[in-house]
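Trainee: Residue 23 is where the sequence shown starts when you use my numbering, and the numbers rise one by one after that.
Note that beta-carbon positions come from the ideal geometry of N, C-alpha and C, so glycine has one too.
Note that the structure is predicted; figures quoted are calculated from it, not measured.
Let me begin by handing over the structure; questions about it come next.
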Amino acid sequence: MKMGWFVLLLVSLYCGVSSTACAEPSDDRGDASIQTSVTFDAQRAFAYLKKQCEFGPRPPGSAPHKATQNYLFTELQKSADLVSLQSYEFKTEARTLQMNNILAQFGPRRGETLLLAAHWDTRPIADRDAEPENREKPILGANDGASGVAVLLEIARILKEHPPPRRVLIVLFDGEDYGRTVDTMFIGSRYFAQNMGKWKPDYGILLDMVGDKDLQLPIEQYSWQANREFTEAIWQRAAELGLAPFQPRLGAAIMDDHVPLIQAGIPMVNIIDFNYPHWHTLEDTVDKCSAKSLEVVGTLVISVIYDGL
Ligand SMILES: [Zn+2]
């Protein structure tokens, strides 16, 4: 993802405004029972994060990228009713890259449809690394790539054990972090937004960089601008669940995979911790992430799946 150029201005303008977004938790929800029977296995999720990193950096066109694609497809096949690859080509000046979104369907075949998304590719260049000699090397992407996917793999396992009351689609986007500039990023989500067909969701949640040990999740600004009520409901739910890393304040506006979907008319909330010093460096490694952080985000997602908003 990339931070919008006007972020700092907006943050300073809006800080405080959004505190009204997350009022006191309501006490009229009598649906806590499902929470007791569905639990997010944080250690298993963290193992999914580590497993992806064991393939090494996973940029499009590389052997680890292909191996990771096969791994993710196979993992989702263990739990989903239907798993599909959405394939497309991306042409650069030097070559044509094959990219694949990985799609999985759970629950009822039709009706209200919730999309859960994350990107599975990793950035081919560590262009924010402190050491100039590292800036053309690919990043490991423990947080920026593996973390969101890890949460969704554990969610997939839960969805098999506990069929959801609404249709749930998990979509893992390719090509999010490919290019140097935004016009060659978000390749998979752009393709998906233009080719949703029967996979078209009613609304969705994007997870990106949710593994940081020091997890901080202010409200992402593009989500809030596009669909304020939906976005505030997510942070309200997090407050009800006591998930402290979800901070009831407006954060940065971040270009990410949710934007092409918002532009296609799908309400999307991006849950992202952009306050990550290792972003787009070789230091984005497993030791910077924690199982607890994955659990916080997974707990929120489980609540949305089973309790609705
Ligand atoms: Zn990135």
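1. Could you pull the start and end residues of the alpha helix (DSSP H) that Leu265 belongs to?
2. Would a C-beta distance cut-off of 8 Å place Val171 and Ala140 closer than the cut-off?
3. Check the C-beta distance from Gly233 over to Ala164 and give it rounded, since I have them as a contact under 8 Å.
4. When DSSP builds the beta bridges, which residues end up paired with Phe128?
5. Taking only heavy atoms of ligand 1 into account, decide whether any of them is closer than 7 Å to the Cβ of Asp234.
6. If I measure Cβ to Cβ from Arg259 and keep anything under 6 Å in the same chain, skipping five residues before and after, which residues do I get?
7. To the nearest whole angstrom, what separates the beta carbons of Thr307 and Leu162, a pair I think is in contact under 8 Å?
8. Could you check how far apart the C-beta atoms of Val323 and Leu138 are, in whole angstroms? I think they sit under 8 Å.
9. Can you give the Cα-Cα distance for Glu251 and Leu239, rounded to whole angstroms?
10. For Leu107, is the classification buried or exposed, using 16 other Cβ atoms within 10 angstroms of its Cβ as the cut-off for buried?
11. Just to check my reading of the structure: Val173 and Gly273 have Cβ atoms closer than 8 Å, yes? What is that Cβ distance to the nearest angstrom?
12. Do Ser101 and Lys222 count as a contact pair if the criterion is CB distance below 8 Å?
13. What's the gap between the Cα of Glu242 and the Cα of Glu155?
14. Would you decide whether Glu317 is buried or exposed? Buried here means 16 or more other CB atoms lie within 10 Å of its CB.
15. Whole-angstrom Cβ separation of Leu136 and Arg188, contact assumed at under 8 Å?
16. Contact check, Asp279 vs Ile294 under 8 Å by CB: the rounded distance?
17. Go to Val68, then tell me how far its beta strand (DSSP E) extends in each direction, as first and last residue.
18. Does Gly287 come out as helix, strand or coil in the three-state DSSP assignment?
Mentor: Walking through what the data contain:
1. As a first step, residue 265 is located in the sequence shown; it is residue number 243 there, counting from the start. No alpha helix (DSSP H) holds Leu265; DSSP gives it neither H nor E.
2. Taking the sequence shown and counting its residues from 1, the one referred to as residue 171 is at position 149. Taking the sequence shown and counting its residues from 1, the one referred to as residue 140 is at position 118. Yes, Cβ-Cβ distance for Val171 and Ala140 is below 8 Å.
3. On the sequence shown, residue 233 is found 211 positions in, with the first residue counted as 1. On the sequence shown, residue 164 is found 142 positions in, with the first residue counted as 1. Confirmed, Cβ separation roughly 7 Å.
4. For the purposes of this step, residue 128 is taken as the residue at position 106 of the sequence shown. Its beta-bridge partners are Val190.
5. If you number the sequence shown from 1, residue 234 lands on position 212. Flag unset: Cβ of Asp234 not near ligand 1.
6. Mapped onto the sequence shown, residue 259 falls at position 237. Closer than 6 Å at the Cβ level, and outside the excluded window around Arg259, lie Ser325.
7. Residue 307 sits at position 285 when you count from the first residue of the sequence shown. Residue 162 sits at position 140 when you count from the first residue of the sequence shown. With a Cβ gap of about 5 Å, Thr307 and Leu162 count as contacting.
8. On the sequence shown, residue 323 is found 301 positions in, with the first residue counted as 1. On the sequence shown, residue 138 is found 116 positions in, with the first residue counted as 1. 6 Å between Cβ atoms; contact.
9. Taking the sequence shown and counting its residues from 1, the one referred to as residue 251 is at position 229. Taking the sequence shown and counting its residues from 1, the one referred to as residue 239 is at position 217. Going from the Cα of Glu251 to the Cα of Leu239 covers about 17 Å.
10. Locating residue 107 in the sequence shown gives position 85, counting from the first residue. Label assigned to Leu107: exposed.
11. In the sequence shown, counting from the first residue as 1, residue 173 sits at position 151. In the sequence shown, counting from the first residue as 1, residue 273 sits at position 251. That belief does not hold up - the Cβ atoms of Val173 and Gly273 are roughly 19 Å apart, past 8 Å.
12. What you label residue 222 is simply residue 200 of the sequence shown in a count that begins at 1. What you label residue 101 is simply residue 79 of the sequence shown in a count that begins at 1. The answer is no: Cβ separation not under 8 Å.
13. Indexing the sequence shown from 1 puts residue 242 at position 220. Indexing the sequence shown from 1 puts residue 155 at position 133. Whole-angstrom Cα-Cα distance: 33 Å.
14. As a position in the sequence shown, residue 317 is number 295, starting the count at 1. Under this definition Glu317 is a buried residue.
15. Locating residue 136 in the sequence shown gives position 114, counting from the first residue. Locating residue 188 in the sequence shown gives position 166, counting from the first residue. Contact flag correct, Cβ pair sits at about 6 Å.
16. Looking up residue 279 in the sequence shown gives position 257. Looking up residue 294 in the sequence shown gives position 272. Their Cβ separation, rounded to whole angstroms, is 10 Å, which puts Asp279 and Ile294 out of contact at 8 Å.
17. One-based indexing of the sequence shown puts residue 68 at position 46. Just to set this straight, residue 68 is Phe in the shown sequence, not Val. Where Phe68 is concerned, there is no enclosing beta strand (DSSP E), although the alpha helix (DSSP H) it sits in stretches over Ala64 to Glu76.
18. As a working mapping, residue 287 is identified with position 265 in the sequence shown. It is coil, neither helix nor strand.
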